[in-house]
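First up is the structure itself, then whatever we jot down about it.
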Amino acid sequence: MGPDGSVGYEEIRRAITAGRTGQVAVLTPERNVASVLEIYTSVGRGPIALGDAAAPTGAPVSVDVMTVLGTSGTTGAPKLVPLTVANWKAAVEASATHLGHTADDEWLVAMPLHHVGGLSVLFRSSHVGGRVRLLADFDPVEFSDALGVVTMASVVPTMLRRVLDVDRRRFDGLKAVLVGGGPIPPGLLEEAWERGIPALPTYGMTETCAQVATLRPGSPPAYRAHLLPGLEARTSQDGRISVRGPQVFTGYLGEESVLVDGWFLTGDLGEVLEDGSLQITGRADDVIVTGGENVDPSIVEVTIASHPGVTGAMVVGVPSVEWGSEVVCLVTGDVPVRSLELYVRERLKPFEVPKHWLVVSELPTTALGKPDRETGRRIAVRGSAPPRDEDSLT
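Given below as structure tokens:
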């Protein structure tokens, strides 16, 4: 849904066709009624009764489901996540305490409101009585202009990179800019801080009402995040992160609880540092098994991205008769592939070095700006080929 309440035809069609939320009503601006009726008819849903919306009676109960949101689906089909009134209450209170969010703040967001990253900003700001500056979509120039007059913002790393590229000025008056949704390239935080942007690494997911941990405001730049009040985290022997707390959901829609003693086992890899902060290293389901060795693509990506001629890297696995999977890198930038291969061989284990390099104009991302590894894998399967001496990252 856009800031003006408009919803695209395709968005409505997907929501109604899915029908998995068990909805008994569709709340929509009058301008969308014709589209909703057309889609209901085409997919055989009904019966249909039209009426004016009325305010609910009575106060919400803590166990009532407040939202049902889809996960981002960056590694597979999205799942539906019911979040209760109690979940959201705990989340917004913890976030306000952690960030020092008050009624004096204005939060900038250019993320879809049907995903947790955008919606959570509305709930947090409503809780403290603050303002929200909502952009219909992300344009780096428009976003940069708005960043100069707000106090807080939410971005994914790609958005921050583009803002820094189009606007060379120093920003003043920002309290916190939350950076999450994907790996943060080396040097990005430092560059942002030098320009007056307090970029705070943030870790979270739909299942936890977004925010789990954010680098505490006032901390020096660091690639880690402090847990919000009321949340706990631990790691398993294989490095997978589990979280527990009042803002954590209990299970996916239509499924039994996935919690064990209140702990939710995420698909993320990382470690809990001595000071209790979290350091995220990658995704468990992104790990590439090649020749019996496990390769964490995020480690390979960070190494490749540290080359001064590289502007972006995505590492994926493709099927291989000989190795089970082969490591393939999609890369953007301006450096000869052979030179880049020599560079990473000096810094990575032999089995971590990509067997194939694909030069692309840009890396695939989702509508939220997150790395789209599923699309990346399809590109790699179609186009992987041995590097050539004349290849250049252009």
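Using our numbering, the first residue of the sequence shown is number 1, and each one after it goes up by one. Every residue gets a Cβ at the ideal spot worked out from N, C-alpha and C, and that includes glycine.
* Asked: Per DSSP, GLN211 forms a beta bridge with which residues?
  -> Numbered from 1 along the sequence shown, position 211 holds the residue referred to as residue 211. Answer is GLY204, bridged to GLN211.
* Asked: Does DSSP classify ILE197 as helix, strand or coil?
  -> Position 197 of the sequence shown, counted from the first residue, corresponds to residue 197. In the structure shown, ILE197 sits in coil (DSSP, three-state: anything other than H, G, I, E or B).
* **Within 8 Å, strictly: CB atoms of ALA367 and LEU330** => Counting from one through the sequence shown, the residue named residue 367 turns up at place 367. Counting from one through the sequence shown, the residue named residue 330 turns up at place 330. Taking 8 Å as the Cβ cut-off, ALA367 and LEU330 do not qualify as a contacting pair.
* Environment of LYS370 [buried if 16+ CB atoms lie within 10 Å] -> One-based indexing of the sequence shown puts residue 370 at position 370. It is buried - the Cβ of LYS370 has at least 16 other Cβ atoms within 10 Å.
* Beta-carbon contacts of VAL92 that lie in its chain and below 6 Å, excluding the five residues immediately before and after -> Within the sequence shown, the letter at position 92 stands for residue 92. Closer than 6 Å at Cβ, skipping near neighbours: PHE123, ARG124, HIS127.
* Asked: Would you report the Cα separation of VAL403 and THR208, rounded to the nearest angstrom?
  -> No statement about residue 403 is possible, as the shown extent of the chain runs from 1 to 394 and does not include it.
* Any C-beta of chain B under 8 Å from that of GLY100 -> No chain B appears in this structure, which consists of one protein chain only.
* Thinking C-alpha only, which one of ASP139, ARG170, ALA225 is nearest THR158? -> Here residue 158 is taken as the residue at index 158 of the sequence shown, counted from 1. Nearest option by C-alpha distance: ASP139.
* Where do the ends of the beta strand (DSSP E) carrying SER320 lie? -> Walking along the sequence shown from the start, residue 320 turns up at place 320. Its beta strand (DSSP E) spans residues 310-320.
* Asked: So TYR223 and LEU189 are in contact, right, with Cβ under 8 Å, and what is the actual spacing, rounded?
  -> Within the sequence shown, numbered from 1, the residue matching residue 223 stands at position 223. Within the sequence shown, numbered from 1, the residue matching residue 189 stands at position 189. Contact holds; Cβ gap of about 7 Å.
* To do: Give the DSSP-derived three-state secondary structure of HIS114 in the structure shown.
  => Locating residue 114 in the sequence shown gives position 114, counting from the first residue. HIS114 falls in the coil class under three-state DSSP.
* To do: Report all residues from its chain with a CB closer than 8 Å to the CB of ASP391; omit the five preceding and five following residues, and keep chain order.
  => Taking the sequence shown and counting its residues from 1, the one referred to as residue 391 is at position 391. Because ASP391 sits at a pLDDT of 43, beneath the cut-off of 50, its placement in the model cannot be relied upon, and the following sentence gives the value as read from the coordinates. Apart from the 5 residues on each side of it in sequence, ASP391 sits with its Cβ closer than 8 Å to the Cβ of PRO336, VAL337, ARG338, TRP357, VAL359 in its chain, given in chain order.
* To do: Starting from VAL344, follow the alpha helix (DSSP H) in both directions and report where the run begins and ends.
  => Taking the first residue of the sequence shown as 1, we reach residue 344 at position 344. Taken as a continuous stretch (DSSP letters only), the alpha helix (DSSP H) holding VAL344 covers 337-345.
* To do: May I have the straight-line CA-CA distance separating VAL302 from VAL272, to the nearest angstrom?
  => Counting from one through the sequence shown, the residue named residue 302 turns up at place 302. Counting from one through the sequence shown, the residue named residue 272 turns up at place 272. About 20 Å.
* Asked: So is PRO361 buried or exposed if we call it buried at 16+ other beta carbons inside 10 Å?
  -> If you number the sequence shown from 1, residue 361 lands on position 361. The sequence as given places Ser at residue 361; Pro does not occur at that position. Classification for SER361: exposed.
* Which residues in the same chain have their Cβ closer than 7 Å to the Cβ of ASP172, if we skip the five residues on either side of it in sequence? -> Residue 172 sits at position 172 when you count from the first residue of the sequence shown. Once the five neighbours on either side are set aside, the close Cβ partners of ASP172 are GLY196.
* Asked: Which term fits LEU342, buried or exposed, when burial requires 16 or more other beta carbons within 10 angstroms of its beta carbon?
  -> Working through the sequence shown from its first residue, we reach residue 342 at position 342. Result: exposed.
* Kindly confirm or deny that the stretch 261-269 and the stretch 307-323 touch, where touching means at least three C-beta pairs closer than 8 Å. => Because the criterion of three Cβ pairs below 8 Å is not met, the stretch 261-269 and the stretch 307-323 do not touch.
* **Cβ-Cβ distance between MET152 and ASP104 below 8 Å** => Position 152 of the sequence shown holds residue 152. Position 104 of the sequence shown holds residue 104. For MET152 and ASP104, no; Cβs fall outside 8 Å.
* Using the Cα positions of VAL149 and PHE143, report the straight-line distance between them to the nearest angstrom. => One-based indexing of the sequence shown puts residue 149 at position 149. One-based indexing of the sequence shown puts residue 143 at position 143. Spanning the two alpha carbons is a distance of roughly 10 Å.
* **Where GLY129 falls: helix, strand or coil (DSSP)** => Reading the sequence shown from its first residue, position 129 is the one you call residue 129. Three-state DSSP puts GLY129 in coil, outside helix and strand.
* Asked: Should LYS349 be labelled buried (16 or more other beta-carbon atoms within 10 Å of its own) or exposed?
  -> Position 349 of the sequence shown, counted from the start, is the residue given in the question as residue 349. It is exposed - the Cβ of LYS349 has fewer than 16 other Cβ atoms within 10 Å.
* Coarse secondary structure for LEU368, derived from DSSP in three states -> Against the sequence shown, residue 368 aligns to sequence position 368. For LEU368, the secondary structure class from DSSP, reduced to helix, strand or coil, is coil.
* **Beta-bridge pairing of GLU271 - partner residues as DSSP gives them** => By one-based count along the sequence shown, residue 271 stands at place 271. Its beta-bridge partners are GLN279.
* If you run the structure through DSSP and keep just helix, strand and coil, what is TRP323? -> To locate residue 323, count along the sequence shown from 1; it is residue 323. It is coil, neither helix nor strand.
* Asked: Beta carbon of LEU402, beta carbon of THR235: below 8 Å?
  -> Limits of the chain in this structure are 1 at one end and 394 at the other, which puts residue 402 out of reach.
* How big is the Cα-Cα spacing for THR71 and THR375? -> The residue labelled residue 71 in the question sits at position 71 within the sequence shown. The residue labelled residue 375 in the question sits at position 375 within the sequence shown. Going by the C-alpha atoms only, they are around 17 Å apart.
* For ALA199, which of VAL212, GLY180, ALA210, GLN211 has the nearest alpha-carbon? -> Looking up residue 199 in the sequence shown gives position 199. For ALA199, the nearest C-alpha among the options comes from GLY180.
* Along the chain, where does the alpha helix (DSSP H) that runs through ILE241 open and close? -> Numbered from 1 along the sequence shown, position 241 holds the residue referred to as residue 241. Looking at the DSSP string, ILE241 is not in any alpha helix (DSSP H); the run it does join, the beta strand (DSSP E), is 240-244.
* Asked: According to the Cβ coordinates, are ARG227 and ALA210 closer than 8 Å?
  -> Within the sequence shown, numbered from 1, the residue matching residue 227 stands at position 227. Within the sequence shown, numbered from 1, the residue matching residue 210 stands at position 210. The question names Arg, but residue 227 in the sequence shown is Leu. Contact check for LEU227 against ALA210 fails: the beta carbons are separated by 8 Å or more.
* Taking only the alpha-carbon atoms, compute the straight-line gap between SER62 and THR84 and give it to the nearest angstrom. => Residue mapping note: residue 62 aligns to position 62 of the sequence shown, counting from 1. Residue mapping note: residue 84 aligns to position 84 of the sequence shown, counting from 1. Straight-line Cα distance between these residues: approximately 7 Å.
* Local conformation of SER306 per DSSP, three classes -> Walking along the sequence shown from the start, residue 306 turns up at place 306. Coil.
* Does the beta-carbon of PRO354 have 16 or more other beta-carbons within 10 angstroms, so that it is buried, or is it exposed? -> For the purposes of this step, residue 354 is identified with residue 354 of the sequence shown, where counting begins at 1. Counting Cβ neighbours within 10 Å, PRO354 comes out buried, since at least 16 surround it.
* Buried versus exposed call for GLN237 [16 or more other C-beta atoms within 10 Å across all chains shown] -> Within the sequence shown, numbered from 1, the residue matching residue 237 stands at position 237. GLN237 is exposed by the Cβ-count criterion.
* Go ahead and pull the three-state DSSP assignment for MET1. => Within the sequence shown, the letter at position 1 stands for residue 1. Note on MET1: pLDDT 43, under 50, position unreliable in the model; the coordinate value appears next. Correct three-state label for MET1: coil.
* From the DSSP output, in three-state form, read off ALA55 for me. => Locating residue 55 in the sequence shown gives position 55, where the first residue counts as 1. Correct three-state label for ALA55: coil.
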